[in-house]
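Peer 1: Okay, here's the structure, questions in a sec.
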Amino acid sequence: MLELALSLSLLLPLSITAIHWGVRLQRDWQMEESATAAARYVSDLQPSSFIRQTSMDEQIRMRCARFSELLEQQLPAFRLGQCLRIDSKTISVELHAAPRGLLDAAVTQRRWTLPDHH
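When we follow our numbering, the leftmost residue of the sequence shown carries the number 1, and every step to the right adds one.
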C-alpha cells in the first residue's frame, strides 16, 4: 500500500506536468500555423494593387480585417494584433492568445515577403 501511495505521489505531478506541456505545445503550434496562414492570406494581393501604394495598403487593410473575422470564427482564443506592410516588400502579422487555464498569454509574429509583380 505504501508503494502505491509513493508511486502515485510521483506519477500524478509528472502526469500533470506532461499534460500542461502538451497543451502548451499544441497552442504554440496552432499560433505558429495561424500566424503563417495570416501572413500568406494577407500577402495574396491582386496584381493591380501593386501599381499604387495607397491601393496596396487598402487591400492589405481589407485582407487583415477579413482574416481577423475568420480567426474569430475558427479560433476564438486567438486575436490578430499587428497586421500591416512594414516596407515596400514585407508584411508583418502579430497573433495574440489570451491566457487560458494554466497557459499564460502568448504572442507570435510572422513576416512575409510580398511577391514581386514588376
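The C-beta atom is built at its ideal place from N, Cα and C for all residues, glycine as well.
This one's a predicted model, so the numbers in the text were calculated from it and none came from an experiment.
Under 8 Å: do the stretch 36-44 and the stretch 11-27 share three or more Cβ pairs, one atom per stretch?
Peer 2: As far as the Cβ criterion goes, the stretch 36-44 does not touch the stretch 11-27, which means the pair count is below three.
Peer 1: Does DSSP put Gly22 in a helix, a strand or coil?
Peer 2: It is helical.
Peer 1: Comparing C-alpha positions only, which one of Glu72, Ile86 and Ala35 sits nearest to Asp57?
Peer 2: Closest by alpha carbon: Ile86.
Peer 1: Quick one: using the 10 Å Cβ neighbour count with 16 as the cut-off for buried, is Thr108 buried or exposed?
Peer 2: It counts as buried.
Peer 1: Provide the residue span of the alpha helix (DSSP H) that contains Leu71, from first to last.
Peer 2: Leu71 -> alpha helix (DSSP H) spans Gln53 to Gln74.
Peer 1: Which residues mark the beginning and the end of the beta strand (DSSP E) in which Gly81 is found?
Peer 2: Counting along the chain, the beta strand (DSSP E) containing Gly81 begins and ends at Phe78 to Asp87.
Peer 1: Taking 8 Å as the cut-off, does the stretch 58-76 touch the stretch 4-11 (at least 3 CB pairs, one atom from each stretch)?
Peer 2: Output reads no: the stretch 58-76 does not touch the stretch 4-11.
Peer 1: Are there 16 or more other CB atoms within 10 angstroms of the CB of Ala5, so buried, or fewer, so exposed?
Peer 2: With fewer than 16 Cβ atoms within 10 Å of its Cβ, Ala5 is classed as exposed.
Peer 1: Would you call the CB atoms of Ala106 and Ala77 closer than 8 Å?
Peer 2: Contact: no.
Peer 1: Alpha carbon to alpha carbon, how far is Leu14 from Gln82? Give it in angstroms, no decimals.
Peer 2: Gln82 and Leu14: Cα-Cα distance of roughly 37 Å.
Peer 1: Helix or strand or just coil, what does DSSP make of Ala106?
Peer 2: Correct three-state label for Ala106: strand.
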